[in-house]
Structures are given as structure tokens and as C-alpha cells.
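Novice: Can you keep this structure in mind? I'll have questions shortly.
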Amino acid sequence: EPEVTQTPSHQVTQMGQEVILRCVPISNHLYFYWYRQILGQKVEFLVSFYNNEISEKSEIFDDQFSVERPDGSNFTLKIRSTKLEDSAMYFCASKEEGHPNEKLFFGSGTQLSVL
Amino acid sequence: AQSVAQPEDQVNVAEGNPLTVKCTYSVSGNPYLFWYVQYPNRGLQFLLKYITGDNLVKGSYGFEAEFNKSQTSFHLKKPSALVSDSALYFCAVRGLGGSYIPTFGRGTSLIVHP
């Protein structure tokens, strides 16, 4: 089965630094998502992206966050100035347009640790 | 607002025994309900979903889930657990006509003992 690929698997950064989390969605998928899970808490929706623009975002996705699809294959999440509370597992997901199951395909995640 | 509760952090079951992983939801209107599984070092994988129709939904790897509207529950079940079923299980809900974004629970770790 095709897979969503995320890199790196682990990222350690200092508070205040910028980080970019990278994802390669499945090639024929058109809807893209970022979720995150702080240890012990729910998987939280951050943002969805379709047709080269954000289609929906949560309250978590403030001005410190941005997403980009720079080259038609990668889908990135940037955090401009990381905070301690940004430490979490970040999941990228994609979905095929019009798929009747509406299932999301997830990557294995990037564990972000902000020190 | 839509939400999901997975009341158990961990479920332990012996191989060969039936298993249940619990999920309750809150949503306006009729729900779309999903179960995903995450094996170590892998992404979440779709197991099954309920949209409408039969309350018992069958999915991958022998799993099934029972939709109970009066109890607003969507518990995941399997008649006979395998050690290889040990993983993290996530329930998700989306309300029809509302946000197209599914809301996930925090996950339940299923441990199947030999």
C-alpha cells in the first residue's frame, strides 16, 4: 500500500528556533493535513490544505505556524519560533479527492522536542 | 463541537480472548465514525468506518465495531485477539454537515499477552 513519508523521525531544537517538518504525501492525493499529539493527550487537528491553500485550521495553528507545498510533492509545516509546548508528535496525512471511504493516510510522525 | 473520548489508556487481553476498545463520541447530527490503528514506527492506518446502515461494521484484520446511537458509542471489538494486534488504537468522529475534519481521541494502547 502507498505510504505517506515524514522526515525527520525525530527533531530536537532549542526554544525560539525555527523548525520545518517535511512530508511527502501519496502522489495522487489532493488533500493534506497536519495533526499533532502531545504526550498523553488527544491527536489534535492543526491544518488542512487543498488546491494550494489552507482550507481549514484550528486555534492551535496561529501565526507561528505555516504550511507550504513548494514543489508539488513535499508538504511542509514550519514553526517560526518554537515554544516548549510545541513539543509533540506531528503527523502528516493525505486523502484522495472524492474517495468514498474518506480515509486518511498518515505518516509515521515526527517527534519534535523543544528544549 | 465534536469530540471523542477513549476512556482507557491501556487494555490488556490474553491471546485468544475477545477484546473491546471503548469509544464514545459527541457530535451534532449524525456521525461519521472511524477507527485507526498505529503499529510501532508506522503511521495511523484506517481500520473501519461507520456512516449509516448496519450498526455492526466489519473492518480490516478481523476487527469490527458496533455503533450504538443511544449510548453514543462506537466500541472496537475482535472475537479472538492476536499478539500481533498489540498497537495503539484511535477512534475519530466527524459530524455530517459540519467540519470535514475528523476529530481524534487520545488513543488506547492494546496489549495482547501470549
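Residue numbers (the numbering used here), protein chains in the order written: chain Y, 811 to 925; chain B, 920 to 1033. From the three backbone atoms N, C-alpha and C, an ideal C-beta is built for every residue, glycine too. Just so it is clear, the structure is predicted and the values come from calculations on it, not from any experiment.
#1: Rounded to a whole number of angstroms, what is the C-alpha to C-alpha distance between cysteine 833 of chain Y and aspartate 896 of chain Y?
#2: Starting from histidine 1032 of chain B, follow the beta strand (DSSP E) in both directions and report where the run begins and ends.
#3: Tell me which residues share the same chain as alanine 920 of chain B and place their Cβ nearer than 7 angstroms to its Cβ, disregarding the 5 neighbours each side in the sequence.
#4: Out of Y:Asn862, Y:Glu811 and Y:Gly826, point me to the one whose CA is closest to proline 880 of chain Y's CA.
#5: When you compare only the Cα positions, how much space is there between glycine 978 of chain B and lysine 968 of chain B?
#6: How would you label arginine 890 of chain Y, buried or exposed, when you count the other beta carbons within 10 angstroms and need 16 or more for buried?
#7: Determine which residues of the region 889-905 of chain Y have a Cβ less than 8 angstroms from any Cβ of chain B, and write them out in chain order.
#8: If you draw a straight line from the alpha carbon of tyrosine 980 of chain B to that of serine 865 of chain Y, how long is it in whole angstroms?
#9: Identify the residues that DSSP records as bridge partners of histidine 820 of chain Y: which are they?
#10: Can you pull the chain B residues whose beta carbon is under 9 angstroms from the beta carbon of glutamine 851 of chain Y, in chain order?
#11: What is the DSSP secondary structure of serine 1003 of chain B, counted as helix, strand or coil?
#12: Applying the 10 Å Cβ sphere with the 16-neighbour rule, what's the burial state of leucine 925 of chain Y?
#13: Are arginine 1025 of chain B and lysine 852 of chain Y touching if we call contact CB-CB under 7 angstroms?
#14: What does the alpha-carbon distance come out to for the pair glutamate 878 of chain Y and threonine 886 of chain Y?
#15: Which chain Y residues sit within Cβ distance under 8 angstroms of asparagine 949 of chain B?
#16: Shortest alpha-carbon distance to leucine 1001 of chain B belongs to which of B:Leu966, B:Leu1029 and B:Thr943?
#17: Looking only at its chain, what residues have a beta carbon closer than 7 angstroms to the beta carbon of proline 910 of chain Y, apart from the 5 residues adjacent to it on each side?
#18: Count the other C-beta atoms from every protein chain shown that fall within 10 angstroms of the C-beta of threonine 892 of chain Y, then say buried if there are 16 or more, exposed otherwise.
#19: Run the CB neighbour count on alanine 1006 of chain B, radius 10 Å, all protein chains shown included, and call it buried at 16 or more, exposed below.
Specialist: This is what the structure gives:
#1: Within the first sequence, numbered from 1, the residue matching residue 833 of chain Y stands at position 23. Within the first sequence, numbered from 1, the residue matching residue 896 of chain Y stands at position 86. Looking at the two C-alpha atoms, the distance is approximately 18 angstroms.
#2: Translated into the one-based positions of the second sequence, residue 1032 of chain B becomes position 113. Looking at the DSSP string, the run of the beta strand (DSSP E) that includes histidine 1032 of chain B is 1027-1032.
#3: Mapped onto the second sequence, residue 920 of chain B falls at position 1. When the five nearest sequence neighbours on each side are left out, no beta carbon in the same chain lies closer than 7 angstroms to the beta carbon of alanine 920 of chain B.
#4: For the purposes of this step, residue 880 of chain Y is taken as residue 70 along the first sequence, with counting starting at 1. That would be Y:Asn862, whose Cα lies nearest to the Cα of proline 880 of chain Y.
#5: Counting from 1 along the second sequence, the entry for residue 978 of chain B is found at position 59. Counting from 1 along the second sequence, the entry for residue 968 of chain B is found at position 49. Each residue's alpha carbon lies about 8 angstroms from the other.
#6: For the purposes of this step, residue 890 of chain Y is taken as the residue at position 80 of the first sequence. Under this definition arginine 890 of chain Y is an exposed residue.
#7: Phe901 and Ala903
#8: Taking the first residue of the second sequence as position 1, residue 980 of chain B is located at position 61. Taking the first residue of the first sequence as position 1, residue 865 of chain Y is located at position 55. Cα to Cα, tyrosine 980 of chain B sits roughly 34 angstroms from serine 865 of chain Y.
#9: Position 10 of the first sequence, counting from 1, holds the residue named residue 820 of chain Y. DSSP lists Y:Gln921 as partners of histidine 820 of chain Y.
#10: Against the first sequence, residue 851 of chain Y aligns to sequence position 41. Near glutamine 851 of chain Y (Cβ distances below 9 angstroms), the residues of chain B are Arg1025.
#11: Here residue 1003 of chain B corresponds to residue number 84 of the second sequence, with the count starting at 1. Three-state result, serine 1003 of chain B: helix.
#12: As a first step, residue 925 of chain Y must be located in the first sequence, where it is residue number 115. By the 10 Å Cβ count, leucine 925 of chain Y comes out exposed.
#13: As a position in the second sequence, residue 1025 of chain B is number 106, starting the count at 1. As a position in the first sequence, residue 852 of chain Y is number 42, starting the count at 1. Their beta carbons are under 7 angstroms apart, which means arginine 1025 of chain B touches lysine 852 of chain Y by this criterion.
#14: On the first sequence, position 68 is the one that residue 878 of chain Y refers to. On the first sequence, position 76 is the one that residue 886 of chain Y refers to. Each residue's Cα considered, the two are about 5 angstroms apart.
#15: Your numbering for residue 949 of chain B matches position 30 in the second sequence. The contacting residues do not exist; asparagine 949 of chain B stays about 14 angstroms from chain Y at best.
#16: Position 82 of the second sequence holds residue 1001 of chain B. Answer by Cα proximity: B:Leu1029.
#17: Here residue 910 of chain Y refers to the residue found at position 100 of the first sequence. Bear in mind that the predicted position of proline 910 of chain Y carries a pLDDT of just 47, short of 50, making it unreliable; the figure below should be weighed with that in mind. For proline 910 of chain Y, where only same-chain residues beyond five positions count, there are no Cβ hits under 7 angstroms.
#18: In the first sequence, the residue the question calls residue 892 of chain Y occupies position 82. Flag for threonine 892 of chain Y reads buried.
#19: Your numbering for residue 1006 of chain B matches position 87 in the second sequence. Buried: at least 16 other Cβ atoms inside 10 Å.
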